[in-house]
Structure formats: C-alpha cells, structure tokens
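The block underneath contains the structure these notes are about, expressed in structure tokens.
In the UniProt record's numbering, the protein residues as written are 1 to 190.
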C-alpha cells in the first residue's frame, strides 16, 4: 500500500480552503469598515458637475459624471513644464458658504500640511491624459433617472488622505436628490 503525501489528504485540503475563505472574509470586512468610516466621518465637499455628452449621460440605471474641477486641473497642468507634471497630486479647493469646492491651486504628490481653514486637499490622478478625481458614474434604482437629471453637484466625503467618496447628487438649491421620498428633496447636511 502506497502512502499518500500529507498535502493530498482531504482534511488538509479542506483546512486550507477554510483558511483561505476566512482570510478573504477578514479582508472584505476590513474594507467595508474602512468605507463605512469614510462615509461617517469624512469632510463634506460639493463638486460642480461638468457637462457630459448627452448620448452617454444616462445609461440605463446609471449616469456618467464629469467634474468642472477636472478641467481646471488639466488647464493648470498644460501650463506647467513636463518636469513639474505629476501623475498624482492634490488639488486645493476653497469652500464657499454651501461647501462647494472652487479650484485654488495644485499641490505635488505629497498631501499639503498647511491649508487655510476654508481649504481642502483632494487627491487626483492623471491617466492617459485624463484626470481621475472620483467615480465617473452614479448608479441609481431603475425608473429614477428623471429625478437625477436635476443634479448640479456631487456630494463627497473626504477622508484624511484626501480621497473623495461620492455619496449623493445635489440639485441647484443644494438639496440632496432623493427620488424614493416621493421626489421630496431633503436638505444637504452642511
């Protein structure tokens, strides 16, 4: 009778599989906790939406997003030399009375230590000639597209690293769009 190698035993295979699943579960739980903290404690900033090709704006159950701030970043980067251009960096915005972030300047790839009380640093990346601030899509429940056509701003939560997380869309009167509430809009928490 030939002895089986210890790695070929059924119990070992099951133990490794269970261990792998536990590790995956722990990683997923930590990721969810990180985003929950980001949503709960992040600083609020509104970013104006930029016009998007109307043929690609509404795509079934999501809408394509672009931000005016992305164009400000590209315009500024075009004015600096290639040596100064960074693939990653921070855009400094000044918040107005409605927490709308307005472009002030760019900072290098290290998060700025000194900001004015009304300024925030938002992390951006440049890839293939395009600026990536945050998600370029907003998903919503089927049948609610009409309500989100009124969107003028993206409502973001910024963590301590300057990473923006899109939480809602906001209309021109600075109210969060909530189509599930019989199209009644709730006030933005600012």
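Quick reminder that beta carbons are idealized off the backbone N, C-alpha and C, glycines included. This one's a predicted model, so the numbers in the text were calculated from it and none came from an experiment.
Given residue i, which residues of its chain have a CB within under 8 Å of its CB, disregarding the five upstream and five downstream residues?
i	result
residue 136	64, 65 and 66
residue 38	157, 159, 163 and 165
residue 150	171, 172 and 177
residue 144	179 and 180
To the nearest angstrom, how far is it from the Cα of residue i to the Cα of residue j?
i	j	result
residue 176	residue 160	24 Å
residue 127	residue 18	39 Å
residue 77	residue 25	41 Å
residue 191	residue 51	Summary: the structure shown does not reach residue 191, with the chain confined to residues 1 through 190, and so no result is reported for it.
residue 101	residue 95	5 Å
residue 28	residue 178	29 Å
residue 98	residue 46	8 Å
residue 121	residue 148	27 Å
residue 34	residue 180	27 Å
residue 41	residue 112	20 Å
residue 15	residue 23	12 Å
residue 141	residue 61	6 Å
residue 71	residue 103	10 Å
residue 30	residue 138	24 Å
residue 36	residue 167	11 Å
residue 114	residue 32	30 Å
residue 13	residue 117	57 Å
Could you tell me how far apart the beta carbons of residue i and residue j are, in whole angstroms, since I believe they sit closer than 8 Å?
i	j	result
residue 154	residue 49	6 Å
residue 169	residue 157	Not a contact, Cβ separation roughly 14 Å.
residue 171	residue 152	6 Å
Quick one: what's got a C-beta closer than 7 Å to residue i's C-beta in the same chain, skipping five residues either side?
i	result
residue 125	87, 88 and 132
residue 54	Here the model assigns residue 54 a pLDDT of 47, short of 50, so the residue's position is not dependable and the matter cannot be decided.
residue 185	For residue 185, the pLDDT reaches just 47, beneath the cut-off of 50, and the residue's location in the model is therefore unreliable, although a value from the coordinates is still provided. Closer than 7 Å at Cβ, skipping near neighbours: 171, 175, 176, 177 and 178.
residue 74	131
Which same chain residues, not among the five before or five after residue i, have their C-beta less than 6 Å away from its C-beta?
i	result
residue 105	92
residue 119	92 and 94
residue 134	164 and 166
residue 68	48 and 50
Based on the DSSP secondary-structure assignment, which residues constitute the bridge partners of residue i?
i	result
residue 64	137
List in chain order: all unbroken alpha helix (DSSP H) runs of 4+ residues lying wholly within the segment 79-149.
-> 145-148
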